[in-house]
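Beneath this line is the structure, given in structure tokens, with notes to follow.
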Amino acid sequence: MSQWSLIYEDFEPAQEKRREALCTLGNGYFATRGAAPEADADDVHYPGTYLAGGYNRLVSQVGGRDVENEDLVNMPNWLALTFRIAGGEWFDLQGLEILAYRRELDIKQGVLLRSLRFKDGQGRVTRLASRCLVHMQQPHLAALETTLTAENWSGRIEIRSALDGRVVNDGVARYRGLGNRHLELLETRTLDAETLFLRVRTSQSRIEVVQAAATRLWANDQPLACARKTLQEPGYIAQHIELDITEETPLTIEKIVSLHSSKDRATSECGLAAEESIARAGRFRDLLRSHVLAWGHLWGRFDISIGTREPEQGLPTVLVLRLHIFHLLQTVSLHTMDQDAGVPARGLHGEAYRGHVFWDELFIFPFLNLRVPEITRALLMYRYRRLDAARAAARKAGYDGAMYPWQSGSDGREESQRLHFNPKSGRWNPDKSYLQRHVNAAIAYNVWQYFQVTQDMEFLSFYGAVMLLEIARFWASIATYNEDLGRYEILGVMGPDEYHDAYADSERPGLDNNAYTNVMAVWVLCRALEVLELLPQERRQELSDTLALRPEELARWDHVSRRLRVVFHGDGIISQFEHYDRLEEFDWEGYRKKYGDIQRLDRVLDAEGDTPNRYQVSKQADVLMLFYLFSSEELSALFERLDYPFGYDTIPKNINYYLQRTSHGSTLSRVTHSWVLARSDREGSWRLFAQALMSDVEDIQDGTTPEGIHLGAMASTVDMMQRAYTGVEARAGVLWLNPQLPKTIDSLCIHIHYRNKSLTMTVSGDVLTVEVAGVTPEAIKIGFKNDVHELRHGQTKEFTL
């Protein structure tokens, strides 16, 4: 079985939308779902093209009131290409006898291939082979090549190649009934005999998007002159081409497309840019050559080599990991470095979560940091540019500093819905997820981890430090002092476990003293104080003046960081939030017998008229997130600072306690739990990792993958290999290594980037080998067990495990 190709050898209408999401092609600038070119949006197919940062707002009527939502817009469908034989029906697989079928996503080359044989009602047998790409080197180009061969007939064939701007956002069933028509037609015309032109504009954000498509026909590598006519209707333009086809003479149709928008840099006008791009694009084979070269360079930076002992059945681990890397790089690539765009939690692969940016960066950036950290830097700048919006949100809520939104889109305001639809109950329920203030801590953590890996003092001085300080200011202001306890508290928030958004007997939203939130707040305050010491004196003074930082405020930060409350219960169990231990135990066995899959336990209980707020249940156990993000040494230091005990058995006791109370309703949950078990229970860790690995490939959440892949889960499964099983940790100027591979893995080799040095790490048997390459003479510090070693360019060091 190939470790570079995702292959489907049958046509299953019920699985098409999932496969279309998994076969998406993109380059970080735009992406197109892997739908068949002849397909329209219906119950089987959903073509979709999404532009990074291409958002638009619409107002809908919900329950008698206006509700505004911002969506990542489904842009015009450039793929549209179909045909019919002798005036018959337009090509539709569901109306034909399929003799052979194969769809292959070539992950190594970034190409989607399809080959099939079919027989129509008149007994005519035809072969179809297609190749499709979204160009990784030239971000404004895409191309489709389709070859038709008549096996037992000759005759007239009609081809229709179109640009379709009539599309709407209709890829998520629960959003139907809300406003979904985002595009306004501005212009359709022909540029020449072969080339169509379409210009649209988003209705509110006024983003212009232009597509130009050149369709050319070839036989025996010679261009064909064909009869063509142009068809136009509002939002749609097509070329209708007719010619005769001869038995066993392949007919090749090339459709080359350029896509530009008014968001582009270094462009006078996006329509003119699209015309210029299509004019110099060349043939499909030329584009394929440079596209494959670009992907080859990317794989040189991002691939992971693994030797595994796995059963023959099922997809190989290496293949799925590469698929995950592939989709990550199609969403955020080298082209991201020149854009103002965040990381949509569901990639550029569909419309779930409306294309918004959440805290999933926390799981995505670590992989990028150690490969091409410049991508992380660009994505952190997305947050920096929205700092003023975060400051305004904090002021509006009565806090100081910056309060970043739980869901972010175009301009950084809070995009979370106030109502959420439950497909099991059919009801719209209040959505309190905007109370997940821990997104602030995630952003601060991302800034700090980027700096730890890169030592990019310029970024820290001019951008990162400002975000850290303003986020620290927020945490200090949201913390209130409880005189009776002599502790600060953070009240009325939600943790990452979204099953609990309030106390069951209270009308007040939110929970008190969520452990994850409070410990992360302490960590942020400590890092903010540290960053002031790291900055050059001149820059520190500039920031102090600009932000009006006074000694008394810094003293409060220090005091809060030492006296913030963490609640415990039982024998050293960190309470997920205050009074968690008072909740009822849940009948896990009974509900599994009754419903089978109870991953989305919140929806199951809501359909029964119940709520998870009553029970000790977790969608994802957020206490365990602390063990995911921090080493035991770091956590011990934090708890010591707070004057709380943190014994040797604190971590295993809490892992055992919360594992029994978690439904894994989030695709991120199994990764987190696998990570925290990596040292203590290698078999249990691998079992959860294997389940997380298949989240999207097998759509284990029963219907979510067709709406868009789960980018955080994909990136974090790869990061399990990169950091968890190698024990890689960048801390205090040292890159610590502590490999412990699962029994299923025989060897592991990764290439990472750390502080301007390239490192090749190989774990095989009981030996860890580290090779260092770089252009600067400075040494880097490598920590192994209790020793720190200095390595320079050209040096290799072996460690016995």
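Residue numbers for the sequence shown follow our numbering, beginning at 10 and rising by one.
C-beta: ideal position from N, C-alpha, C; glycine also.
Could you spell out where the alpha helix (DSSP H) holding residue i opens and where it closes?
i: G693; result: 691-702
i: K117; result: Per DSSP, K117 belongs to no alpha helix (DSSP H) and is neither H nor E.
i: I287; result: 279-288
i: I384; result: 382-394
i: I664; result: 659-668
i: H300; result: 293-311
i: A530; result: 524-543
i: A451; result: 448-463
i: S773; result: Careful: S773 lies outside any alpha helix (DSSP H), inside the beta strand (DSSP E) at 766-773.
i: F374; result: 370-378
i: T681; result: 678-685
i: S641; result: 641-650
Among the options, which has the Cα closest to the Cα of residue i?
i: N665; options: L677, F655, L644, S689; result: S689
i: A247; options: E203, P505, T41, V737; result: E203
i: G356; options: F20, T41, E799, Q12; result: T41
i: F698; options: E18, V680, G119, D510; result: V680
i: S417; options: N438, G410, A406, Y443; result: Y443
i: M390; options: I334, V329, A453, N438; result: A453
i: T58; options: L90, D230, L15, V176; result: V176
i: G164; options: N622, F595, T258; result: T258
i: P786; options: Q804, R427, S584, D775; result: Q804
i: L746; options: R612, H719, H798, I480; result: H798
i: I660; options: T671, R650, A687, L677; result: A687
i: D506; options: L635, Q131, A222; result: L635
i: D6; options: A182, G97, F100, R140; result: Residue 6 falls outside the range modelled here, since the chain spans only 10 to 810, and no answer is possible.
i: S812; options: T155, I754, V218; result: No answer is possible for residue 812: it lies beyond the span of the chain, which begins at 10 and ends at 810.
i: I718; options: T771, L31, D295, L90; result: L31
i: D619; options: Y637, F595, N36; result: F595
Compute the distance between the beta-carbons of residue i and residue j, then report whether it is under 8 Å.
i: H336; j: A354; result: no
i: L194; j: V209; result: yes
i: F39; j: V143; result: yes
i: I287; j: I254; result: no
i: S342; j: M145; result: yes
i: N378; j: Y472; result: no
i: L388; j: G351; result: yes
i: L845; j: R574; result: Given that the chain is displayed from residue 10 to residue 810, the structure contains no residue 845 and the question cannot be resolved.
i: N78; j: L226; result: no
i: D369; j: L720; result: yes
i: A451; j: E423; result: no
Quick one: measure Cβ to Cβ for residue i and residue j, integer angstroms, because I've assumed they're closer than 8 Å.
i: Y245; j: G174; result: 6 Å
i: I168; j: F92; result: 5 Å
i: A530; j: I499; result: 6 Å
i: L757; j: M723; result: That belief does not hold up - the Cβ atoms of L757 and M723 are roughly 19 Å apart, past 8 Å.
i: L121; j: L34; result: 6 Å
i: R386; j: D465; result: 7 Å
i: S277; j: L114; result: Contact flag wrong, Cβ pair sits at about 37 Å.
i: R126; j: L108; result: 4 Å
What residues are listed by DSSP as bridge partners for residue i?
i: Y17; result: R112
i: M634; result: For M634, which the question treats as bridged, DSSP gives no partner whatsoever.
i: Y413; result: Note: Y413 sits in no beta bridge, so no partner.
i: Q231; result: A228
i: W745; result: E738, G792
i: R27; result: Answer is none; R27 lacks a bridge partner.
i: K264; result: L153, T224
i: K128; result: E106, V134
i: V366; result: P353, S417
i: N491; result: R496
i: P148; result: P148 pairs with nothing; no bridge assigned.
i: A50; result: Looking at the DSSP assignment, A50 forms no beta bridge with any residue, so it has no partner.
Between which two residues does the beta strand (DSSP E) harbouring residue i extend?
i: H336; result: Element bounds for H336: not the beta strand (DSSP E) but the alpha helix (DSSP H), 326-340.
i: R800; result: With the sequence shown as reference, residue 800 is identified as Leu, and Arg is not the correct amino acid for it. Per DSSP, L800 belongs to the beta strand (DSSP E) from 796-800.
i: R549; result: Premise fails: R549 lies in the alpha helix (DSSP H), 546-556, not in any beta strand (DSSP E).
i: C141; result: 134-143
i: C758; result: 754-763
i: R83; result: Note on identity: in this sequence residue 83 is Asn, with Arg being the wrong assignment. Unbroken beta strand (DSSP E) run through N83: 74-84.
i: Q241; result: 236-242
i: G599; result: Careful: G599 lies outside any beta strand (DSSP E), inside the alpha helix (DSSP H) at 597-604.
i: F39; result: 39-41
i: I250; result: 245-254
i: R496; result: 496-498
i: G164; result: 164-173
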